[in-house]
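Asker: In this note's numbering, the protein residues as written are 11 to 265. Note that the Cβ used here is the ideal one computed from N, Cα and C, for glycine as well. Every value quoted in this text rests on a predicted model; they were computed, and no experiment measured them.
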């Protein structure tokens, strides 16, 4: 028989893609929390002639923006990241992925969201400039229009896709069975929208009753517009930041 660890005193609900909950689980375990992993989709890399052509065009620009670590890994699997470019990451995780791919110098904002990215000096003075955007369909939908509004010709390469999956039955059961305090971690608006549509009614009601920690101002506003309360803003999207904010939120809740 396998020895079981102590029962967690509190939980977080993770809406990361299928197979991508490990970092949240590690951060939660260090804080004595359990994780209910509700995956809204699975990530799949693209590898076809049109994707390769789009990536080659994007990588031909002098400045190239990557919107996630998955985008970096998918692009690097298709072609090596060439030197002589200004590589720009939306956050620390994406920047670390670029460095692992051999990029020595990466621009990344301290505020890890689209607004922080757009504040970087390297993304000013774009009038007439080609700018590569390596990403996936959906997500960060405001980024390309904002760059185009600055005069950039955005060369977009969607190097992976998010394929929706039904919530796993065991995860839905775990959500319904929760009696300990729990917090929903929100780092993707699309993930929340999909999950609210996909969950059975009782599980959706249980989810909506939870407090929320959001990774950005935009996500905080979205959760509040969906009727979640309370909603607090984490310092950033990294698992440790989300878990620290969740601990603080629970510590200050009445009762």
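Do you know offhand how far residue 245's Cα is from residue 96's?
Answerer: Taking the first residue of the chain shown as position 1, residue 245 is located at position 235. Taking the first residue of the chain shown as position 1, residue 96 is located at position 86. Each residue's alpha carbon lies about 26 Å from the other.
Asker: Give the DSSP-derived three-state secondary structure of residue 236 in the structure shown.
Answerer: Numbered from its first residue, the chain shown carries residue 236 at position 226. Here residue 236 sits in coil by DSSP.
Asker: Below 8 Å on the Cβ atoms is my guess for residue 32 versus residue 253; work out the distance and round it to an integer in Å.
Answerer: On the chain shown, position 22 is the one that residue 32 refers to. On the chain shown, position 243 is the one that residue 253 refers to. In fact, because the Cβ distance is near 14 Å, the residues do not count as touching under 8 Å.
Asker: Would you give the residue range spanned by the alpha helix (DSSP H) that residue 145 belongs to?
Answerer: To locate residue 145, count along the chain shown from 1; it is residue 135. From DSSP, residue 145 is part of no alpha helix (DSSP H) but of the beta strand (DSSP E) over 140-145.
Asker: Give the single residue among 46, 41, 91 whose Cα lies nearest to the Cα of residue 30.
Answerer: For the purposes of this step, residue 30 is taken as residue 20 along the chain shown, with counting starting at 1. Ranking the options by Cα distance to residue 30, first place goes to 46.
Asker: Give me the residue from 116, 189, 133 with the minimum Cα distance to residue 156.
Answerer: Here residue 156 refers to the residue found at position 146 when the chain shown is read from its first residue. It is 133.
Asker: In its own chain, which residues sit with a C-beta less than 6 Å from the C-beta of residue 195, not counting the 5 before and 5 after it?
Answerer: For this step, residue 195 is matched to residue 185 along the chain shown. Closer than 6 Å at the Cβ level, and outside the excluded window around residue 195, lie 22, 24, 223, 252.
Asker: Could you work out which residue in 73, 232, 136 is closest to residue 94 when comparing CA atoms only?
Answerer: The sequence position of residue 94 within the chain shown is 84, counting from 1. Minimum Cα distance to residue 94 is reached at 73.
Asker: So if DSSP puts residue 166 in a beta bridge, which residue, or which two residues, is it bridged to?
Answerer: Start at 1 with the first residue of the chain shown, and residue 166 comes out as number 156. Answer by DSSP bridge pairing, in chain order: 143.
Asker: Starting from residue 153, follow the alpha helix (DSSP H) in both directions and report where the run begins and ends.
Answerer: Residue numbering aside, residue 153 sits at position 143 when the chain shown is read from its first letter. 153-159 is the extent of the alpha helix (DSSP H) around residue 153.
Asker: Among 105, 202, 86, 59, which has the Cα closest to the Cα of residue 51?
Answerer: One-based indexing of the chain shown puts residue 51 at position 41. Nearest of 105, 202, 86, 59 to residue 51, Cα basis: 202.
Asker: According to DSSP, is residue 254 helix, strand or coil?
Answerer: Position 244 of the chain shown, counting from 1, holds the residue named residue 254. Three-state DSSP puts residue 254 in a helix.
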